[in-house]
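Only one structure is covered here, and it is reproduced in the block below.
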Amino acid sequence: QKIIAQELNISINTVESQMAIAYKKLKEVLKDHVPLLIFLFI
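The sequence shown begins at 294 in our numbering and counts up one residue at a time.
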């Protein structure tokens with residue numbers, strides 16, 4: 294995250310908050326597909 298912040302010339306807090314938002318959205322989108330994902334990886 295520190296490297297991302299340096300490369301984009303933004304604060305590490307911005308990177309952390311944006312990543313938290315992204316993870317939350319990703320979790321919401323994938324929650325209905327967990328059984329399928331587990332099946333595909335077995």
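Just so it is clear, CB atoms sit at the ideal spot from N, CA and C, and this is done for glycine as well.
Please read all numbers here as calculations on a predicted model, not as lab measurements.
Cβ atoms of residue j and residue i: under 7 angstroms apart, would you say?
i           : j           : result
residue 308 : residue 299 : no
For residue i, I'd like the list of residues in its chain whose CB is within less than 7 angstroms of its CB, leaving aside the five on either flank, ordered along the chain.
i           : result
residue 321 : none
Leaving out the 5 sequence neighbours to the left and right, which residues in its chain are closer than 8 angstroms to residue i when beta-carbon positions are compared?
i           : result
residue 301 : 308
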